[in-house]
Structure formats: structure tokens, C-alpha cells
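Report on one structure; see the data block that follows.
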Amino acid sequence: MKSLSMLAAALGLAGLLCGCATPNGGGSDQAVGTLRFIGEQRIAYKLPFEGTSVGGLSGIDYDPVRDQWFIVSDDRSNLQPARFYTARLAVNASTLGPVQLTGVRVLRQADGSPHPDVGHFATDGGIVLDLESIRVDPRDGTIWYTSEGDGRFGLDPLVRHARADGSLLGELPLPPLLRISRDGKTGARNNLNLESLSFTPDGDSLWIALEAPLHQDGPVPTVGAGALCRITQLDRSGKVLRQIAYPADPIPAAPGPGKAAETGIAEVLAAGADTLLVLERAAVQGADGVFRNHIRLYETIVTGATDVAALPALAGAVLRPARKRLVLDLDTLVLPRVDNIEGLSWGPRLANGHASLVLVSDDNFSATQVTQLLLFEVLPR
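In mature numbering (1 follows the signal peptide of the UniProt record, and there is no 0), the protein residues as written are -21 to -1, 1 to 360.
Encoded structure:
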């Protein structure tokens, strides 16, 4: 794979393909105080659209130049090839209008072919994508996305760069520390890996976050204890600029006897040079076998946090984690349900000048879940 430093010419082509340069979005350097809930919209289960089944929406981002939303599906090419959708949303201070899908784009491998599913990967090779986050490049409108990888098949997490038509531009080299564990002792945990991606407001660098601690950093959160997760800032060539330890919450409710529960970081979104919004998502299985989601959004200050990039393990280390403040616990919303929220994006500015914020849920292509979009007004301090 070509490094991004070798892709200047390709980036110039991408700028022409997109037609314009994209300025910073509506949430850049946004002072976040509280959130006011505006409205909800849902997308029907496996909605047919241009030959695909809509679902598994795990990441969302807004392009203010095109007034267009980009929403990625985590279908591992099992139903249709790995892809993202474009959409329009009617956003204002009093309501969120219906979701209007406007297009679908297949993400391509280096040779231009679609990504395989697990079965074809086993026979034909290639990379199976488990897509978790998508961002519009604030410089030229191209697309960046993450894949969580899959330890069962030796697939490590990825941060990739594509044109708006889905064709591949490049891939960031990630720190070896973030590779999926091969021995269960060091490295990232399978399926608790790279979930999050966000540009800094100046567009010069990106933040990525792991859903759970590395094996050597300590156990995953429990009902009784939280854990430290690594959040890393990379420049556009993949160089690590800094890495901080984020104190993830304990699991907020006990599961039923013999049932499962987990919690971790689902998405990050830059609100300033040293400020992130961090979306924590917990899934707790009740005695009835049904999973219930608990979603919390935190403002996180990385200033003063220890740079842990050179620490091979956080367990037992003396360090200062990032500071965080609860912005919203979605359990407090009066909604019929809050589903598996995984995506988080700034939206357009509202008429009063305040930023808007949109969240999207991943229904896991399950008929017992829903795909919902939630709109909020950001009330500054």
C-alpha cells in the first residue's frame, strides 16, 4: 500500500473529483455546555436502497459544503459489498425531518474490486472490512474510515483514505501496539478495537480510539470498575503525535444471572484542539435475554494528560488520565428506546448560531433493534 506522503498527486485528483475544498464543520472549537434534544427519525429495517439493505450504521459525518451526510454500514460484505451511504437531513431548531438517502458507494480495494466477505476472503484473499467510523476530510471532501479488524483471520485494524466514489487513496500506518493480539497477552482485543475517528478542527491531524484496553493495559470494565483506554492523535502520515489514557466508566447496570454485558468507547469527535466528545456505549443483557443500551456522552480534556505512547503497558503505571465531564446520559431522554448508538457527528449550524449534533444507531441488521438518528442542539457554556 502506498504511504500518504506519496499521494499528493492523487489528492489533487481527489480535490477535482469532489469539486471543492471543505472548510471546518459546524462544531469546530465548539464550547459544549449541555445538549437539548430536538428530534428523532428512524430508517426501516433492511430498507431496500439501490440494490442494498440499509442497516448496521456505525458511523456518520456531515459535509457542510455539499450539505450532505455520509453514513457507513458495518456489513462485512455479507449482504452486499462494504459501503457507505450519502443522505440529506432536514435539520432545524424544532425538528429533525425524515432521512433522504441520496446515494450508496462501494469501498474499493487497491485493485478496484469490492472487499470480500469472510467466505471469499478465505478462498480468494483480500481484506474483510468491519467498518466503524467515517469522516469527511475538511481539506478536500475525500473520505476517511476505520475498520476494526478481525483476530480470527489475522486482520488488524485499519485507517484508510478514499475518494468520494469509494476508490482507495491510501492507508495510515498504525502503531504496532494497536495490532490485534495474537497471544491474548499483549495488543488489542478482538472486537473491542478501533471504533473511533475524528479530525482535529484545523484538519492537520486525526484522533483514533480503542473501544477497550489493550490486554497489557488491564482488564475490561466491569460493573464494579472502569478501565483505561488509549486515545491516539496521528498526523496525516500516521506519525503518533500523542496518546492519552481515557478513564472509561464501569458497566452501568448488572446483567441478569449468567448473562453478558460490556461497555467502552464507541466514537470520538473533536470539539477543540485539546477537547474531545467521547461517546461511551454499554450493552447489558437482562434476565430475559434482551440487551439494553446505556449511552453517555462526555466532554474530555486532554490537556495535562500523560502522553502514554511510549508506555508498553498502562497497568501499574503512574500516569494522569484525561479529565472528563458528563454532557448527557441518554437514559434521561424520554424516548421509547435508545438503541445501539455508535455514530456521532456535528451537524449544520442552527438559525441561532448554535451547533447541532447528530447520533446514529447500529441495528446489527437485527429485526429486534432499530436504526435511529437523534438530533441535539449544543448549548454553550
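The beta-carbon is built from N, C-alpha and C at its ideal position, and this holds for glycine as well.
One or two residues paired with Phe355 in a DSSP bridge: Phe16 and Leu336
With three or more beta-carbon pairs closer than 8 angstroms as the criterion, would you say the segment 82 to 102 touches the segment 48 to 64? yes
Among all the DSSP beta bridges, which residues are the ones paired with Gly251? By DSSP's assignment, Gly251 forms a beta bridge with Thr254.
To the nearest angstrom, report how far apart Gly283 and Ala23 are at their CA atoms. 45 angstroms
Starting from the C-beta of Leu147, find all residues in its chain whose C-beta is less than 7 angstroms away, skip the five residues before and the five after it, and write them out in chain order. Here Leu147 has Arg87, Gln88, Ala89, Arg139 and Ala141 as same chain residues with Cβ atoms under 7 angstroms from its own Cβ, once five neighbours each way along the sequence are excluded.
My understanding is that Asn172 touches Pro136, with C-beta atoms under 8 angstroms, so please give their C-beta distance in whole angstroms. Contact annotation, Asn172 with Pro136: C-beta distance approximately 5 angstroms; criterion of less than 8 angstroms satisfied.
Around the Cβ of Gly4, are there at least 16 other Cβ atoms within 10 angstroms (buried) or fewer (exposed)? Since pLDDT at Gly4 reaches only 44, below the 50 mark, its modelled position is unreliable, and the value read off the structure follows with that caveat. By the neighbour-count rule (16 or more Cβ atoms within 10 Å), Gly4 is buried.
For Gly163, which residues in the same chain have their Cβ closer than 7 angstroms to its Cβ, ignoring the five residues on either side in sequence? His194
Hey, Leu258 and Ile244: beta-carbon distance below 9 angstroms or not? yes
With Ala66 as the anchor, note down where its beta strand (DSSP E) starts and where it stops. For Ala66, the enclosing beta strand (DSSP E) begins and ends at Arg62 to Arg67.
Residue environment, Lys218, which counts as buried when at least 16 other CB atoms sit within 10 Å: exposed
In angstroms, rounded to a whole number, what distance separates the CA positions of Leu323 and Tyr41? A straight-line Cα-Cα distance of about 10 angstroms links Leu323 and Tyr41.
Please state whether DSSP places Gly322 in a helix, a strand or coil. strand
Cβ separation of Asp109 and Asp96, assumed to be a contact under 8 angstroms, to the nearest whole Å: No, Asp109 and Asp96 are not in contact; Cβ-Cβ is about 11 angstroms, not under 8 angstroms.
What span of residues does the beta strand (DSSP E) with Asp42 cover, start to end? Unbroken beta strand (DSSP E) run through Asp42: Leu36 to Asp42.
Under 9 angstroms, do Gly318 and Gln351 count as touching if we go by C-beta distance? At residue 318 the sequence reads Asp, which differs from the Gly that was named. It is a contact, given that the beta carbons lie within the stated cut-off.
Note down, in chain order, each residue of its chain lying with its Cβ closer than 6 angstroms to the Cβ of Ala10, except the 5 sequence neighbours on either side. Pro359 and Arg360
Looking at the secondary structure, which residues open and close the beta strand (DSSP E) in which Phe132 lies? For Phe132, there is no enclosing beta strand (DSSP E), as DSSP gives it neither H nor E.
May I ask which residues mark the beginning and end of the alpha helix (DSSP H) holding Phe100? Val97 to Asp103
Using a Cβ-Cβ cut-off of 8 angstroms (strictly less than) and excluding sequence neighbours within five positions of residue 361, which residues of its own chain qualify? Nothing can be reported for residue 361: it is not among the residues displayed for the chain, which extend from -21 to 360.
Can you give me the Cβ contacts of Thr165 inside the same chain, cut-off strictly under 6 angstroms, excluding the 5 residues immediately before and after it? In its chain, beyond the 5 residues on either side, His194 and Gln195 have a beta carbon closer than 6 angstroms to the beta carbon of Thr165.
Rounded to whole angstroms, what is the Cα-Cα separation between Leu68 and Leu290? 43 angstroms
Got a sec? Which residues, its chain only, sit under 6 angstroms from Leu26 by beta carbon, not counting five neighbours each side? Excluding positions up to five away in sequence, the list reads Val33.
Could you check the C-alpha separation between Gly197 and Val44 for me, to the nearest Å? 43 angstroms
Thinking Asp214 and Leu207 are a contact (beta carbons under 8 angstroms), I'd like their distance in whole angstroms, please. The Cβ separation is near 24 angstroms, so there is no contact.
Reduced DSSP secondary structure (H/G/I, E/B, other) of Gln348: coil
Among His273, Val199 and Gly133, nearest to Asp310 - alpha-carbon criterion: His273
Tell me whether Pro236 is buried or exposed, calling it buried when 16 or more other Cβ atoms sit within 10 Å of its Cβ. Pro236 should be labelled exposed.
Alpha-carbon spacing of Arg302 relative to Thr254, whole angstroms: Approximately 10 angstroms, taken between the alpha carbons.
Could you check what DSSP says for Thr31 in three-state terms: helix, strand or coil? Residue state for Thr31 is assigned as strand, using DSSP reduced to three classes.
Endpoints, beta strand (DSSP E) assigned at Asn272: Phe270 to Ile280
For Ser177: DSSP bridge partner residues: Trp186
Please state the DSSP three-state secondary structure of Asp308. Here Asp308 carries a strand assignment [DSSP, helix/strand/coil].
Count the other C-beta atoms from every protein chain shown that fall within 10 angstroms of the C-beta of Asp8, then say buried if there are 16 or more, exposed otherwise. exposed
Would you tell me roughly how many angstroms separate the C-alpha atoms of Gly82 and Leu36, rounded to the nearest one? 15 angstroms
Mind checking who Gly76 pairs with in its DSSP beta bridge? Residue pairing by DSSP leaves Gly76 without any beta bridge partner.
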